[in-house]
Amino acid sequence: GAVVSQHPSWVICKSGTSVKIECRSLDFQATTMFWYRQFPKQSLMLMATSNEGSKATYEQGVEKDKFLINHASLTLSTLTVTSAHPEDSSFYICSARDLSFGTGGNSPLHFGNGTRLTVT
Amino acid sequence: AQKVTQAQTEISVVEKEDVTLDCVYETRDTTYYLFWYKQPPSGELVFLIRRNSFDEQNEISGRYSWNFQKSTSSFNFTITASQVVDSAVYFCALSGRGSTLGRLYFGRGTQLTVWP
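Sequence order for the protein chains is E and B. Sequential numbering of the first sequence, starting at 1, is according to the numbering used here. Sequential numbering of the second sequence, starting at 1, is according to the numbering used here.
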């Protein structure tokens, strides 16, 4: 079935560096993707809505200059954590909506497997 | 504003017991969607169910069942005859309709531990 591939699964980086996370829809086109963040033992919080060909829509409190989102094609959205700090260590997970079933309520929503980021 | 409350932080049961996970939601939308996801220790989200606000029929899928009560804004999840493999964090989530479908608001999750 339809799959959303997220890469890398885990990454360790040094403080001050930037990290790019990819979210790819493998067999469907996704004009809209969503990025979530999950701290240990906490809930998933929506960070932003990624829109193909236009700027992402960020949730309140999310720094757009810190978390750069690029949705350059119908199958790929990237999240770049810039100048990462230890407090950015978290589990990042993306989702994509398969609109081949229409824009109504039946369109499936698929999640990637997540990326565990550790900033040292 | 959209809000999902899962009051139970942790639940422990012994195998074969039935367990119900509570979910209460708040929304001003008249059309909305409710979801349940399972998150095992590996982290991925496993989709369990999606229900739209116009469909109040309860649903059963194997050992899983869901009770949607619009009058009390609740969407509870019951596992019958629990198994060790059911141990995971379970999230209830809410989404609006149309272009906002997919923007999920998650509850804080319930950690279910099933002991052998």
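Glycine is no exception: its CB is placed at the ideal position from the N, C-alpha and C atoms.
query	result
Proximal chain E residues relative to Phe106(B), where beta-carbon distance stays under 7 Å	Ser43, Leu44
Validate contact between the segment 35 to 46 of chain B and the segment 84 to 97 of chain B using beta carbons, cut 8 Å, 3 pairs	yes
Backbone secondary structure at Ser5(E) - three-state DSSP	strand
Counted within 10 angstroms of its Cβ, other Cβ atoms place Ile12(E) as buried (16 or more) or exposed	exposed
At least three beta-carbon pairs within less than 8 Å, the segment 10 to 25 of chain B to the segment 27 to 44 of chain E	no
C-beta atoms of Thr82(E) and Ser15(E) nearer than 8 Å	no
Rounded separation between Glu10(B) and Arg97(B) - CA only	31 Å
Contacting positions in the segment 34 to 60 of chain B - beta carbon closer than 7 Å to chain E	Gly43, Glu44, Leu45, Asn52
Chain E within 8 Å of Phe68(B), Cβ atoms only	no
Any C-beta of chain B under 8 Å from that of Arg116(E)	yes
Ordered list of beta strand (DSSP E) runs contained in the segment 11 to 96 of chain E, each at least 3 residues	19 to 25, 32 to 38, 44 to 51, 67 to 73, 76 to 81
Own chain partners of Thr80(B) with C-beta closer than 6 Å, once the 5 adjacent residues on each side are dropped	Asp18, Arg63
Boundaries (first-last residue) of the beta strand (DSSP E) holding Ser95(B)	88 to 95
Status (buried if at least 16 other CB within 10 Å, exposed otherwise) for Thr78(E)	buried
Exposure of Ala1(B), with buried meaning 16 or more beta-carbon neighbours within 10 Å	exposed
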